Each structure stands twice: as C-alpha cells, then as structure tokens.
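Engineer: Numbering (the working numbering), first residue to last: 6 to 594.
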C-alpha cells in the first residue's frame, strides 16, 4: 500500500468528528516519502488528537503548509493546536485561512468562535456560532448553548462597564437561545440589583436557585436584595443558607453581621463580624463595621483599633478617617481628631461635611478663625448644610459676634424650622444684645418644639433672673433639674436665685446638693457660707469659708467674709489676718 492509500485511509476516519489512525501508519507514509504534505498533516493530526503534543503537531503542520499552502486541513489542525496552547489570535488567523480555502468547513467557524470567546470578543464569537449553524443546521441544538454563553459573557462585560440596560437586553437574548442557564439569571439579577430593581433581582435569583440549588452565590445575592428592601428576616435566611452550603463564605458572615447591627443585636453582629475577619483578615469593611459597633457600645479604644486596621488595609477609606476622628473628638483627643479630619478632606476635597467636622474640631481647640474658614468652605460647597451654620454660630457667639450668631442661627431655622437648639442659641445672642423680648420668644419656641431641651430652660432661667423675675427663674431651674438631676451647676444657680429672694434655707439646701455633686467648686462653699452668715449660723459659715479657701486660696471676697464671721465669733486676731489677706489680694487686683 503506497503513501496516498495510507493517507486516504487515515483521512477517512480522522477528520474532526471520528478520525482515527495509527502513528505507525503515518510513519510508514512519512518515512519513505517525507516530501508529501499529507504525511505531515497525518502525523500532526495524530499528535493533536491522540498525544496532545501540540508544539510537535504545529511543527509538522507548518511543514505540511509549506509543502501545500492550500491544504485547508493543515491550517485547521494548526489552529486547533494553537487554541489548545492558548494562542487564540494565532488560532483565529489559521481558521481565517481555512475558510478562505473552503468556506463550508463547519469546525472552522466553531473553533474560531471558541477562540474569539476566549479573547472576550463575544460579538465575533456569536457571528461564527451562527455561521456554524447555517453551514450545518444539524448542530443547532448543540451550538445554541455556546451562543447563549457568548451572549452571557458579552452581557457580563457590558455590566462591568456600567451599561446595565444593554446588559439586561443581552442576557435576555442569551436566554432566548438557551432558557436554562442559571448563570445568566444570576448575572441579570446582579444587574437589576445595581439598578435598584430589587424585586426583579430576587425573581432572577430565585430562578437561579431553581435551576441550580447548589449555587451558593445565588442565596447570597438574593439575601442582598432582600436586605435592600428592608426584609431583614428573608435576608438572614438567605445568608444562613449560604453559610450552610459554604461555612467559609466570609461575605455572608459580614452581611449577616451588618443586619444584626442594624437590628441592634450587637452580640450576634460581633460574632458574625469576628468570623468574617477570621475567614478574610484583609477585609477592611469588616473592621470598619465592627468598629462602628464598638463605638456604639462605647468601646472607644476597640473602635479606634478597628478603624486603624481598616485604614492600614485601605488608606483610601475617607469616611473611616471621619469615624475615627469622631471618636477621638469624643475622648478629647482633638489633635488626633484633627489629623484624621485633615486626611478626610485631602481624600474628599469636595465633601462639605468633612470641612464642617474639621471646623468643629478646630473650634474645640480654640482655633476660631480656622474653624470659621472651614465652616465657610463647607457652606461654599453646600449652602444648605445646617451643621455648618449651627457650628459657625457657636463660634460667632464665643467671639461675641452676636449679630453673626443671630444670622447663622436664623439660617438654620430657615432650613430646619423644628430644630430647637438654634432657637435657644439665637435667644442667647439676642439676650446679649439686649433684645430681651426676642430672646424670650426664642426660648419659648425652643421649648414648644422640645419640652425636654434643658439648655432652653437654663437660659430662660437666666433671662428671668436678669429681669429680677426670681420666681420665674426658679420654675425654669427646677424643670432643668428634673431633666438632669446630676448637674451641680443647676442646683448652684437655683440656690443663687433663692439667695436673691432671701430664702436662705432653700439656698443652703441647693448649695449642699451642688457640693455633694461637685465638692471641689469653691464658689458653692463660699455661697453656702454666705447664706449661713445671713442666718447668723457663724460656726457653719466659718467651716464653709475655710473649705472655700482650701479650694481657692486667692479669693478676696472669701477672706473678707471670713473676717466678718471671725469677728462675730470673737476671733479678732483671725479677723485681722483675713482682712490683711483681703487687702493684699484686693490691692493686687
């Protein structure tokens, strides 16, 4: 049997579908007559199909093509070998050549489609898959799923680019070619989620689960959609199922932890977030979320540690700098808070609230001009940011720019007419300017909005006191004490009012309560001693004045009053010493 006969025998059973042969037979063909292109083709085919030695196959097929540039089968198999070696561009070039020689070779369209698919050129892949069916309609059933996959991947690419509507249309086309691809429903559900169409997302994820109940991501993604709709029970159920199927699915623990946090079930939230961090210690968001819970639980150092870890993992998390700044401000670490706020502003130079927060920190540090500059910048970015008007009003009042304070509080009231603190603060500024009627109106309005606003009662009490309406002041101080019975200042102020009414017994009672709450305030010891003096209880007065001078040894009025008390008690020498100290202090003043 000659070489041609051998070739024909091999060709008859070794073309793309069921072509077989023996390497020994090819060798018989190629050894005696190596110049035959067909022999190199046969050997290349065997190296491809049986031995998977694609590099050697390409070498033989190159020889075949050199001997016969019109040998379509050689290009075909070389394209296949290149495809198997991930040289998709080379494979496409070979399949182009095959089809130029013979446009009816079905496999060339199909494998070129596969190569296009591998390169992400889904439109070209789809065109070739459809050509495959046109050339050989009997392959339609088998090719439909390939076409669907091509549309699916094209849709995934469109979604990644943010072309959501076109992606949905493409996924729909994929399902027209093959309506049972779970991945298509899953991806379309994710796109619906990104569009905020959560019910459609849930429907697609449910269809995904029907087609493939073991697909973990489908439960996870459906849970996300339920969460977005506020259906926390359904979301938790989906995350539970996700964890049942994959106990190492860190994101499911994280998401369930977030829901528990929103439901204020902080112990369960911490358990989930701890597990999420254990499974994925590189998840900055998990540390951030745990930090938020620790902050709520007033575990400030733990929260700072979590925020710091999140920022170490991802230094671009601008809001986390803001979270950490807020805690540092609460614990009195204003320099640290300022440093964090600077980072927030650097990362988000157009974030108005960032400037507002930095302004507040600067205000606490006494940098009033810097605070005003930041409040100004915040308002330039957002002219309706009430927090900036409110904070700037406080700075203006501190600087005794009462007109500026009134203007800013008025702006707050314009945007938030039910914000009681701004009425109270505007009332304070008006009172400082002598607008007593306007001040009283503002205090009254603040309390009409919020009957529990302690500051309004306190400041209205001062207003009454200044107007010598001492009974009115006592009523307001009493209401303030009901709201905060642990405030030494409130008892002290009410005691002063009783003293003004010459009600010394009630004054002594309130000074005593103030001293119990804050025994280091010299003024209360002095004032109680003064009250005892009015009642001619000189021993008690002397004891209180001694205590007052222990806490404030440079109080000229206390020495003067103690001199009077000592004189009443017959201690003339002591009285003279106190008068000398009074004279020295008074002269130095």
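Note that CB positions come from ideal geometry on N, CA and C, so glycine has one too.
Just so you know, these numbers come straight off a predicted model, no measurement behind them.
1. Tell me which same chain residues have a C-beta within less than 6 Å of the C-beta of residue 197, skipping the five on either side of it?
2. Alpha carbon to alpha carbon, how far is residue 382 from residue 360?
3. Excluding the 5 residues preceding and the 5 following residue 90 in the sequence, name in chain order all residues of the same chain whose CB lies nearer than 7 Å to its CB.
4. What are the start and end residues of the alpha helix (DSSP H) that includes residue 210?
5. Using the rule of at least 16 other Cβ atoms within 10 Å of the residue's Cβ for burial, across every protein chain shown, is residue 36 buried or exposed?
6. So, with DSSP's three-state summary, where would you put residue 188?
7. For residue 473, which option in 380, 501 and 456 has the closest C-alpha, if you only look at C-alpha atoms?
8. Would you call the CB atoms of residue 100 and residue 68 closer than 7 Å?
9. Secondary structure at residue 301, three-state DSSP: helix, strand or coil?
10. How about residue 445 and residue 468: do their beta carbons lie closer than 7 Å?
11. So, using beta-carbon positions, are residue 531 and residue 553 closer together than 7 Å?
12. Using the Cβ count rule (16 or more neighbours within 10 Å means buried), how would you classify residue 128?
13. Whole-angstrom Cβ separation of residue 466 and residue 478, contact assumed at under 8 Å?
14. Check this for me: beta carbons of residue 366 and residue 343, under 7 Å apart or not?
15. Taking Cβ positions, are residue 77 and residue 122 nearer each other than 7 Å?
16. Does the beta-carbon distance from residue 257 to residue 248 come in below 7 Å?
17. Would residue 166 be called buried (16 or more neighbouring beta carbons within 10 Å of its own) or exposed?
18. Buried or exposed for residue 201, please, with buried defined as at least 16 other CB atoms from any protein chain shown within 10 angstroms of its CB.
19. Alpha carbon to alpha carbon, how far is residue 364 from residue 403? Give it in angstroms, no decimals.
20. So residue 361 is in the alpha helix (DSSP H); what residue range does that whole segment cover?
21. Out of 71, 96 and 73, state which residue places its alpha-carbon closest to the alpha-carbon of residue 82.
22. Does the Cβ of residue 147 have 16 or more other Cβ atoms within 10 Å, making it buried, or fewer, making it exposed?
23. Pop quiz: residue 448 and residue 417 are said to be a contact at Cβ under 8 Å. What is the actual Cβ separation, rounded to whole angstroms?
24. If you draw a straight line from the alpha carbon of residue 2 to that of residue 157, how long is it in whole angstroms?
25. Quick one: which unbroken alpha helix (DSSP H) runs of 4-plus residues sit fully inside the stretch 287–353? Chain order, please.
26. How many Å lie between residue 244 and residue 274 at the Cα?
27. Sorted by chain position, which residues of the same chain lie with C-beta nearer than 7 Å to residue 348's C-beta, five sequence neighbours on each side aside?
28. Once the 5 residues before and after residue 386 are set aside, which same chain residues still bring their CB inside 8 Å of it?
29. Which value, in whole angstroms, describes the spacing of the CA atoms of residue 236 and residue 352?
30. Between the alpha carbons of residue 320 and residue 153, how many angstroms are there, rounded?
31. With DSSP run on the structure shown, which of helix, strand or coil describes residue 503?
32. Look up residue 390 in the DSSP assignment and say whether it is helix, strand or coil.
33. Using beta-carbon positions only, say whether residue 199 and residue 169 come within less than 7 Å of one another.
34. Excluding the 5 residues preceding and the 5 following residue 130 in the sequence, name in chain order all residues of the same chain whose CB lies nearer than 6 Å to its CB.
35. Taking residue 315 and residue 296 to be in contact with their CB atoms under 8 Å, please state how far apart those CB atoms are, rounded to whole angstroms.
Structural biologist: Let me lay it out:
1. Leaving aside the five residues that flank residue 197 on each side, the residues in its chain whose CB is nearer than 6 Å to its CB run, in chain order, 205 and 206.
2. 7 Å
3. 59
4. Note, residue 210: alpha helix (DSSP H), 203–216.
5. The pLDDT assigned to residue 36 is 48, lower than 50, so where the model puts this residue is not dependable, and the model offers no usable value.
6. helix
7. Measuring from the Cα of residue 473, the nearest candidate turns out to be 501.
8. no
9. helix
10. yes
11. Cβ distance < 7 Å, so residue 531 and residue 553 count as in contact.
12. With fewer than 16 neighbouring CB atoms inside 10 Å of its own CB, residue 128 falls in the exposed class.
13. 4 Å
14. yes
15. no
16. In this structure, residue 257 lies near residue 248, with their beta-carbon atoms less than 7 Å apart.
17. exposed
18. Around the CB of residue 201, fewer than 16 other CB atoms lie within 10 Å, so the residue is classed as exposed.
19. 14 Å
20. 357–369
21. 96
22. exposed
23. Their Cβ separation, rounded to whole angstroms, is 16 Å, which puts residue 448 and residue 417 out of contact at 8 Å.
24. Any answer about residue 2 is impossible in this case: the structure gives the chain only from 6 up to 594.
25. 289–301, 305–318, 323–335 and 339–352
26. 13 Å
27. 326
28. 355, 356, 357 and 360
29. 34 Å
30. So the two alpha carbons sit approximately 41 Å from each other.
31. DSSP places residue 503 in helix when its eight states are reduced to three.
32. coil
33. yes
34. 118, 121, 122 and 155
35. 7 Å
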